[in-house]
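Report on the following structure.
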Amino acid sequence: MDDDFSVGGANSNGGLGDGYLKFHNIGRLFKLPDDSLNLRIGQFEIDLPFSPARSWNLTGWDIYDEANFGALNGANPQNVNNSFAFSSPGQGVEISGGHMYKGYHYSLAVLNQNTSGTTAPGDNVSPTVGIFSDSNFKDLYGRFQYRFNLEKDAASRNEIQAAGPTGPRDHTYLQLGTFYFYGRSVQRTNGESGVLVAREPFYRTGGDFSFNYHQFNLFGLYMYGHDKNLLPNAAGTGFVSGVPAHFNGGFLEADYLALPWLMAIMRYDRVQSTADFINGQSGNSTNFFSPAGSTRDRITPGVQFLIHANIKASFEYQIRLDWNGFTELRVVKIVYKEKS
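Each residue of the sequence shown is one higher than the one before, counting from 502 in my numbering.
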């Protein structure tokens, strides 16, 4: 992005979030059922079970920000430098289909890969864009979910919202889903006869659920991440396989709309990572057996008030447990949106 789009006088404060073209219901061209095929091209948030970019929470879910950065030291060296995280936007092509309020929903995406975190060289502007492809391999992402609409009224099941005594409300439903991401990170090192290139396959996989009953919503996600670990051999002529870098964890959140203008939130995040342990990131527990890992836990109660139609106040109280005991963080935010 050119500096004309800088935020607060600093270009690093701004950037392109979403910029894409989406073609809805193109399946009708092939005589497919309604809403069974859509096409999206550009830069967008990948089709995650729960969107961190559009979440009402003040802070993101920890597992979405987890990346694998190893270190060549200790008993279990990791030649892994993979900056990919689910909270990052993707550039590519996506096909999707299904309904969000009942039945199936799927998405398949082919994305540019950038696991190094480097930027593209700019020809006529500076600073340069922040996302580009650093490999000739394209990442693959797939997701499938099925929502069981539990409304007793058959007519309400086919509507966007169900009818209640006080007006429209969200459906009562149970949603189950799964996802899978596959890519290859690139590691370069100086060898005996020149630069050695290691292409390390990695994947992220997991499952999710969401249960909604009137004003109460309980949802969660579990993810497992695995990176192949290729270590330079002693002769400097190639690589040997080492102990993979991996992490797992997720979150569980409960939201309750106590009043039309008041929502209470309770959230639990947990991440266990071998790379965190090697890099010395503290946690509340550590596995000293092979492979070693460090665990981070966070409990986050919160409350949000709708003060006016375009004014909302939010409060979060984060509780983390590390080697030194509990650490606390208070987050307060007031959002004002100009009426259109």
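Beta carbons: idealized from backbone N, C-alpha and C, even for Gly.
Sub-9 Å separation of residue 722 and residue 737 beta-carbons: Position 221 of the sequence shown, counting from 1, holds the residue named residue 722. Position 236 of the sequence shown, counting from 1, holds the residue named residue 737. Taking the C-beta atoms as reference points, residue 737 is found no nearer than 9 Å to residue 722.
Nearest neighbour of residue 704, chosen from 726, 713, 591, 689 [CA to CA]: Indexing the sequence shown from 1 puts residue 704 at position 203. Residue 726 is the option with its Cα nearest to residue 704.
Using the rule of at least 16 other Cβ atoms within 10 Å of the residue's Cβ for burial, across every protein chain shown, is residue 803 buried or exposed? Locating residue 803 in the sequence shown gives position 302, counting from the first residue. Buried, because 16 or more other Cβ atoms sit within 10 Å of the Cβ of residue 803.
Classify residue 555 as buried or exposed, calling it buried when 16 or more other Cβ atoms lie within 10 Å of its own Cβ. Along the sequence shown, one-based indexing puts residue 555 at 54. It is exposed - the Cβ of residue 555 has fewer than 16 other Cβ atoms within 10 Å.
Can you have a look at residue 564 and say buried or exposed, based on whether 16 or more other CB atoms are within 10 angstroms of its CB? Start at 1 with the first residue of the sequence shown, and residue 564 comes out as number 63. Buried, because 16 or more other Cβ atoms sit within 10 Å of the Cβ of residue 564.
Taking the alpha carbon of residue 844 as the point to measure from, which residue in 592, 816, 749, 696 has its own alpha carbon closest? For the chain, the structure presents residues 502 to 841; residue 844 sits outside this window and is missing.
Rounded to the nearest angstrom, what separates residue 648 and residue 660 at their Cα positions? In the sequence shown, residue 648 corresponds to position 147, counting from 1. In the sequence shown, residue 660 corresponds to position 159, counting from 1. Taking the straight line from one Cα to the other gives about 14 Å.
Ignore the nearest five residues each way along the sequence and tell me which others in residue 521's own chain have a CB closer than 7 Å to its CB. Numbered from 1 along the sequence shown, position 20 holds the residue referred to as residue 521. Closer than 7 Å at Cβ, skipping near neighbours: 541, 542, 543, 544, 545.
Quick one: residues in its chain with C-beta nearer than 6 Å to the C-beta of residue 590, no 5 flanking neighbours on either side, listed in chain order? For the purposes of this step, residue 590 is taken as the residue at position 89 of the sequence shown. The beta carbon of residue 590 lies closer than 6 Å to those of 544, 546 in the same chain, with the five residues before and after it left out.
Sort 672, 646, 702 by Cα distance to residue 657 and report the nearest one. On the sequence shown, residue 657 is found 156 positions in, with the first residue counted as 1. Nearest of 672, 646, 702 to residue 657, Cα basis: 672.
Are there 16 or more other CB atoms within 10 angstroms of the CB of residue 621, so buried, or fewer, so exposed? Translated into positions along the sequence shown, residue 621 becomes position 120. Only weak support exists for where residue 621 lies, its pLDDT of 45 falling under 50; the value from the coordinates is given anyway. When all chains shown are included, residue 621 counts as exposed.
Per the DSSP calculation, residue 701 is bridged to which residue(s)? Mapped onto the sequence shown, residue 701 falls at position 200. DSSP lists 686 as partners of residue 701.
Where DSSP assigns a beta bridge to residue 754, which residues make up the other side? Start at 1 with the first residue of the sequence shown, and residue 754 comes out as number 253. Paired residue(s): 720, 768.
Assuming residue 597 contacts residue 526 under a Cβ cut-off of 8 Å, what Cβ separation, rounded to an integer in Å, is found between them? Position 96 of the sequence shown, counted from the start, is the residue given in the question as residue 597. Position 25 of the sequence shown, counted from the start, is the residue given in the question as residue 526. Wrong, their Cβ atoms sit about 11 Å apart, outside the cutoff.
As assigned by DSSP and simplified to three states, the class of residue 728: As a working note, residue 728 is residue 227 in the sequence shown. The answer is strand: DSSP assigns residue 728 an E or B state.
Starting from residue 655, trace the alpha helix (DSSP H) in both directions and tell me its first and last residue. Mapped onto the sequence shown, residue 655 falls at position 154. From DSSP, the alpha helix (DSSP H) with residue 655 extends over 655 to 658.
Can you check DSSP and say which residues form a bridge with residue 733? Sequence index remark: in the sequence shown, residue 733 carries index 232 (1-based). In the DSSP assignment, residue 733 is bridged to 740.
Outcome for residue 766 when other beta-carbon atoms lying within 10 angstroms are tallied against a minimum of 16: For the purposes of this step, residue 766 is taken as residue 265 along the sequence shown, with counting starting at 1. Residue 766 comes out buried.
Per the DSSP calculation, residue 648 is bridged to which residue(s)? In the sequence shown, the residue the question calls residue 648 occupies position 147. 604, 676, per the DSSP bridge assignment.
Bounding residues of the beta strand (DSSP E) (the contiguous stretch that carries residue 842): Since the first residue of the chain shown is 502 and the last is 841, residue 842 is not available in this structure.
Go to residue 529, then tell me how far its beta strand (DSSP E) extends in each direction, as first and last residue. As a working note, residue 529 is residue 28 in the sequence shown. Looking at the DSSP string, residue 529 is not in any beta strand (DSSP E), and its letter there is neither H nor E.
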